[in-house]
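Please read the structure below before turning to the comments.
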Amino acid sequence: MRYADLILPVPLLGMFTYAVPDAMAVQVGMRVLVSFGRSKTYLGIVARVHDCAPVGYEVKPILQVMDASPIVNEQQLRLWQWIADYYMSPIGDVYKAALPAGLKVEDGYRPKTETYIRLTPQYRSVTALHIALNVLSRAKKQLEAFTEYLALSHWDEVADDDDQPSGITPVEVTREELMNASQASAETIKQLEKRQMLECYEVEVGRLNHDGEYRPELIAPLSAPQQDAYNDILMSMMKRQVTLLHGVTGSGKTEIYIHLIQRALERKEQVLYLLPEIALTVQMMQRLQRVFGHRLGIYHSKYSDAERVEIWQKQLSQNPYDVILGARSAVFLPFQRLGLVIVDEEHETSYKQQDPAPRYHARSAAIMLAQMRNEIATPHSDHRSEKGEMRNEGPKVLLGTATPSLESYHNAKTGKYGLVELKERYQGIELPEIQVVDVADLQHRKMMNGPFSPLLLTRMREALERKEQVILFQNRRGFAPVVECHQCGWVPTCQHCDVSLTYHRQMNQLTCHYCGYTYLVPHECPCCGSTDLRTRGYGTEKIEEQVREIFPEARVARMDLDTTRTRNAYERIISDFSAGRTHILIGTQMVSKGLDFDRVSVVGILNADSMLSYPDFRAHEHAFMMMSQVSGRAGRKKKRGLVLLQTKQKDLPLIHQVVHNDYTGLYRALIAERQAFHYPPYYRLVYVFLKHRYDQTVHTAAEEMGARLRHWFGGRVLGPDKPAVAKVKSQNIRKLVIKLEVGIDMKKVREYLLMEQQQMLADKRFSSLMIYYDVDPQ
Ligand code: ADP
Ligand code: ZN
Ligand code: ZN
Numbered sequence: 002m003r004y005a006d007l008i009l010p011v012p013l014l015g016m017f018t019y020a021v022p023d024a025m026a027v028q029v030g031m032r033v034l035v036s037f038g039r040s041k042t043y044l045g046i047v048a049r050v051h052d053c054a055p056v057g058y059e060v061k062p063i064l065q066v067m068d069a070s071p072i073v074n075e076q077q078l079r080l081w082q083w084i085a086d087y088y089m090s091p092i093g094d095v096y097k098a099a100l101p102a103g104l105k106v107e108d109g110y111r112p113k114t115e116t117y118i119r120l121t122p123q124y125r126s127v128t129a130l131h132i133a134l135n136v137l138s139r140a141k142k143q144l145e146a147f148t149e150y151l152a153l154s155h156w157d158e159v160a161d162d163d164d165q166p167s168g169i170t171p172v173e174v175t176r177e178e179l180m181n182a183s184q185a186s187a188e189t190i191k192q193l194e195k196r197q198m199l200e201c202y203e204v205e206v207g208r209l210n211h212d213g214e215y216r217p218e219l220i221a222p223l224s225a226p227q228q229d230a231y232n233d234i235l236m237s238m239m240k241r242q243v244t245l246l247h248g249v250t251g252s253g254k255t256e257i258y259i260h261l262i263q264r265a266l267e268r269k270e271q272v273l274y275l276l277p278e279i280a281l282t283v284q285m286m287q288r289l290q291r292v293f294g295h296r297l298g299i300y301h302s303k304y305s306d307a308e309r310v311e312i313w314q315k316q317l318s319q320n321p322y323d324v325i326l327g328a329r330s331a332v333f334l335p336f337q338r339l340g341l342v343i344v345d346e347e348h349e350t351s352y353k354q355q356d357p358a359p360r361y362h363a364r365s366a367a368i369m370l371a372q373m374r375n376e377i378a379t380p381h382s383d384h385r386s387e388k389g390e391m392r393n394e395g396p397k398v399l400l401g402t403a404t405p406s407l408e409s410y411h412n413a414k415t416g417k418y419g420l421v422e423l424k425e426r427y428q429g430i431e432l433p434e435i436q437v438v439d440v441a442d443l444q445h446r447k448m449m450n451g452p453f454s455p456l457l458l459t460r461m462r463e464a465l466e467r468k469e470q471v472i473l474f475q476n477r478r479g480f481a482p483v484v485e486c487h488q489c490g491w492v493p494t495c496q497h498c499d500v501s502l503t504y505h506r507q508m509n510q511l512t513c514h515y516c517g518y519t520y521l522v523p524h525e526c527p528c529c530g531s532t533d534l535r536t537r538g539y540g541t542e543k544i545e546e547q548v549r550e551i552f553p554e555a556r557v558a559r560m561d562l563d564t565t566r567t568r569n570a571y572e573r574i575i576s577d578f579s580a581g582r583t584h585i586l587i588g589t590q591m592v593s594k595g596l597d598f599d600r601v602s603v604v605g606i607l608n609a610d611s612m613l614s615y616p617d618f619r620a621h622e623h624a625f626m627m628m629s630q631v632s633g634r635a636g637r638k639k640k641r642g643l644v645l646l647q648t649k650q651k652d653l654p655l656i657h658q659v660v661h662n663d664y665t666g667l668y669r670a671l672i673a674e675r676q677a678f679h680y681p682p683y684y685r686l687v688y689v690f691l692k693h694r695y696d697q698t699v700h701t702a703a704e705e706m707g708a709r710l711r712h713w714f715g716g717r718v719l720g721p722d723k724p725a726v727a728k729v730k731s732q733n734i735r736k737l738v739i740k741l742e743v744g745i746d747m748k749k750v751r752e753y754l755l756m757e758q759q760q761m762l763a764d765k766r767f768s769s770l771m772i773y774y775d776v777d778p779q
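If you read the sequence shown in our numbering, its first letter stands for residue 2, the second for the next number, and so on.
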């Protein structure tokens with residue numbers, strides 16, 4: 002009798018053994034249908050086939066094999082196992098994260114479509130549009146919806162501009178977007194369809210155009226410094242598996258990647274190019290698509306499942322994409338001849354998955370993926386030469402960034418990774434000038450205009466007069482982070498979470514940014530009855546409102562989670578700004594990501610202090626990255642940009658490091674601190690979270706878990722403590738921190754943790770307690 006160990010999509014540790022019926026052709030990596038528990042059926046993945054009969058329970062048979070050949074290869078399965086072990090999450094959760102949904106259900110996938118709106122052909126001219134507007138002048142709602150459509154699609158500019166009535170390509174608009182923007186009902190839009198002014202058409206969600214030709218002639222030649230960096234990278238890759246490219250913003254790292262990709266293609270190797278957030282990198286995507294055409298596949302969890310399944314299948318076929326551009330989930334795709342992995346913006350914390358499990362870091366997973374291929378390439382050899390250097394085998398990994406994570410830079414400095422530095426911008430353009438604005442002093446002299454210093458307003462005005470653009474960065478969305486009773490100080494908080502609510506004016510509601518729950522704005526204070534409720538602090542929405550008041554003639558756009566909910570809203574904001582249709586862009590950290598604009602001469606960092614006050618050991622590291630990245634958006638072509646950095650802590654060393662772009666100074670200061678206080682990269686952190694409905698239960702459980710862990714790990718265990726937000730979605734939370742010196746046997750650590758976890762969960766007092774881990778928290 003043969004047996005198969007299966008990975009099932011259940012959050013339980015370990016695998017499950019089933020019997021393989023005699024006539025069934027089962028291979029590792031195939032999907033099989035099995036029954037589980039009393040009444041459930043699941044699609045499992047075969048991880049191992051063997052003939053050791055399990056003891057102690059009755060073995061059920063596999064019901065059906067779903068595949069003629071494996072859909073997951075052995076290296077992928079080893080990566081899953083590594084993630085499950087290292088991040089201490091059930092392998093079933095890794096399976097769920099790794100496979101697109103369409104491969105996890107029995108009846109396959111159905112493509113999802115979205116309805117778009119466009120002008121009917123007969124109205125696509127200036128004259129016809131004037132007629133339409135005339136006709137609609139008595140149907141107010143339809144007129145509103147129609148003019149809103151013209152604005153969204155930019156047909157209104159066609160109509161304004163008689164010089165070039167054609168030649169402008171209108172922007173695509175979804176029906177949902179139009180309804181949101183104009184508050185028009187579906188009925189109103191239907192009437193416009195009946196009048197044959199607008200028409201609807203369906204587009205498959207996420208379906209991208211992969212049809213272009215591969216056009217290597219579009220690859221720009223490298224400048225001399227870029228060529229040097231390129232050569233250094235190749236040299237480094239001969240010695241080490243991982244190389245860090247530290248290149249300032251605007252140094253043209255993308256061009257270097259493109260040359261490396263082309264080289265890999267010539268060598269018939271596949272390339273995996275990881276980006277932190279695909280949605281935020283439309284520009285980069287388009288650049289790569291122009292060059293690599295149909296040889297490039299884009300993979301992202303936000304794309305339609307249909308497309309993800311299609312790409313997965315294609316990667317298994319004889320004719321896979323040579324280059325995959327994707328966000329973190331792309332590390333799970335099958336590769337046949339992977340040669341190069343690029344992790345762009347390697348410092349980005351969004352590479353770490355937060356919720357749900359597995360809480361893995363895609364950078365680490367990518368490095369492991371490359372190492373696994375390495376082992377496959379030379380199954381029995383020792384990879385290290387006598388000098389401890391990696392041999393030149395297997396895929397290479399390039400980490401790229403202007404602001405390396407402390408871990409990666411440390412690895413580079415200590416020789417574990419290669420290091421290549423690119424210190425000048427393309428064409429020698431200067432890095433922006435960063436001026437510090439002393440908000441403490443200005444407030445003292447009552448000279449602040451809300452969140453704006455007089456200098457910022459002056460520089461903004463000058464920039465607008467010169468027809469240049471401005472970016473304002475505020476790391477808080479919503480209108481105001483706090484609403485407060487002016488009489489008694491009462492602050493509305495979420496009923497399910499331990500946080501105050503953010504006021505959103507446009508929607509006129511209070512929102513919890515942790516669970517998403519919304520509340521009506523109270524008319525009076527429930528404590529004292531006063532009606533004097535005031536907002537405190539500035540979110541992007543309020544900044545936008547004030548900017549519109551101060552600069553009524555400027556076109557203002559806002560980019561944050563609230564304005565980018567619909568699928569192409571983000572692209573629209575970017576394309577409007579980059580074409581100069583908007584002048585001032587206000588946003589959260591979204592505005593700092595990988596954007597390349599030509600006309601931005603002023604960047605305002607409105608409140609540096611809010612980034613410095615996070616209760617997190619990485620607060621300064623992250624603040625430096627955010628400020629450097631957003632500064633990097635200033636003055637990218639021909640002209641030096643200006644950044645105004647508003648802070649009340651102008652003498653803080655960090656502020657000086659940002660001003661002088663002194664990454665090495667930052668590194669030296671932080672690394673000394675990390676060593677002294679036992680933090681990464683000298684120590685490995687594991688957070689242990691306990692969650693329960695009742696605060697008393699979780700309190701007791703956490704104390705007990707702490708005691709149990711101290712038995713094994715002694716003083717390496719800190720806590721339990723309440724985390725900064727100690728209640729989320731009605732679950733009370735406690736956190737233990739374990740600090741482990743690097744080099745400690747992690748396998749043992751895991752064993753002890755899981756053993757204690759099991760004993761805790763077996764205790765009747767702690768029924769429905771949840772315990773989970775965050776390894777290498779970001
Ligand atoms: P980084 O990613 O390092 O911040 P980018 O790759 O965005 O920098 O490059 C900055 C700008 O310089 C982009 O507009 C890019 O097209 C341009 N650029 C960089 N290198 C070259 C090159 N070799 N030839 C032509 N344009 C280049
Ligand atoms: Zn009150
Ligand atoms: Zn909440």
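Built from N, CA and C at the ideal position, the CB exists for glycine as well.
Query, Result
"Residue of Tyr4, Leu34, Val604, Phe17 minimising C-alpha distance to aspartate 23", "Tyr4"
"Proximity winner among Ala140, Asn135, Pro101, Trp156, relative to arginine 125 (alpha-carbon distances)", "Trp156"
"Assigned secondary structure, glycine 1 (DSSP; H/G/I helix, E/B strand, else coil)", "As displayed, the chain neither begins before 2 nor continues past 779, which places residue 1 out of reach and without an answer."
"Phenylalanine 678, buried or exposed, once every other Cβ within 10 Å from all chains shown has been counted against 16", "exposed"
"Under 7 Å between C-beta atoms of proline 455 and valine 644", "no"
"Nearest candidate by alpha-carbon position, reference methionine 238, set Ser602, Tyr304, Lys417", "Lys417"
"Three-state class that DSSP yields for glycine 109 in the structure shown", "Low local confidence applies: a pLDDT of 49 at glycine 109 is under 50, so the model's placement there is unreliable, with the coordinate-based value given in what follows. Looking at glycine 109 - three-state DSSP - the assignment turns out to be coil, as it is neither helix nor strand."
"Those residues, in chain order, that have a beta-carbon closer than 5 Å to some heavy atom of ligand 3", "Cys495, His497, Cys498, Cys513, Tyr515, Cys516, Tyr518"
"Alpha-carbon spacing of serine 579 relative to arginine 309, whole angstroms", "30 Å"
"Strand pairing of histidine 295, partner residues [DSSP]", "None, per the DSSP bridge assignment."
"Span separating the alpha-carbon of valine 73 from that of proline 321", "14 Å"
"CB of arginine 685 within 7 Å of CB of leucine 741, strictly", "yes"
"Buried or exposed (CB count within 10 angstroms, at least 16 for buried), tyrosine 58", "exposed"
"Cβ-Cβ distance between glutamine 89 and arginine 751 below 7 Å", "Contrary to the premise, residue 89 reads as methionine rather than glutamine in this sequence. Their beta carbons are under 7 Å apart, which means methionine 89 touches arginine 751 by this criterion."
"Where the beta strand (DSSP E) through valine 438 begins and ends", "434-439"
"beta-carbon tyrosine 501 near ligand 2 non-hydrogen atom, thresh 6 Å", "The amino acid at residue 501 is misidentified as tyrosine; the sequence shows serine. Incorrect: serine 501 has no Cβ contact closer than 6 Å to ligand 2."
"Cβ contact (3+ pairs, closer than 8 Å) linking the stretch 404-411 and the stretch 344-352", "yes"
"Reduced DSSP secondary structure (H/G/I, E/B, other) of serine 36", "strand"
"Heavy atom of ligand 1 within 6 Å of lysine 417 beta-carbon", "no"
"Closest Cα partner of alanine 102 within the set Trp83, Ile220, Thr175, Asp306", "Asp306"
"Simplified DSSP state of methionine 627, which is helix, strand or coil", "helix"
"Closest Cα partner of valine 484 within the set Gly327, Gln287, Val500", "Val500"
"Residues near alanine 635 by beta carbon distance below 6 Å, same chain, minus five either side", "Pro433, Val601, Val604, Gly642, Val644"
"Where histidine 679 sits in the DSSP three-state scheme", "coil"
"Spatial neighbours of glutamate 469 in its chain, beta-carbon cut-off 6 Å, leaving aside the 5 residues before and after", "Arg600, Ser602"
"Expected contact under 8 Å - CB spacing of serine 614 and valine 659 to nearest Å", "Incorrect: roughly 16 Å between the Cβ atoms, too far for contact."
"Close beta carbons around lysine 543, own chain, < 7 Å, minus the five adjacent residues each side", "Phe480, Ala481"
"Cβ-Cβ distance between valine 398 and alanine 371 below 7 Å", "yes"
"Simplified DSSP state of methionine 560, which is helix, strand or coil", "strand"
"Reduced DSSP category for glutamine 197 - H, G, I as helix; E, B as strand; rest coil", "coil"
"Short Cβ contact (7 Å threshold) for lysine 254 with glycine 248", "yes"
"Classification of aspartate 777 by the beta-carbon crowding that lies within 10 angstroms, buried from 16 upward", "buried"
"Option nearest leucine 737 by Cα separation, candidates Ala727, Gly720, Asn608", "Gly720"
"Which of helix, strand or coil DSSP assigns to alanine 185", "coil"
"Where the beta strand (DSSP E) containing glutamine 758 begins and where it ends", "Premise fails: glutamine 758 lies in the alpha helix (DSSP H), 747-763, not in any beta strand (DSSP E)."
"Aspartate 233: first and last residue of the uninterrupted alpha helix (DSSP H) it sits in", "225-240"
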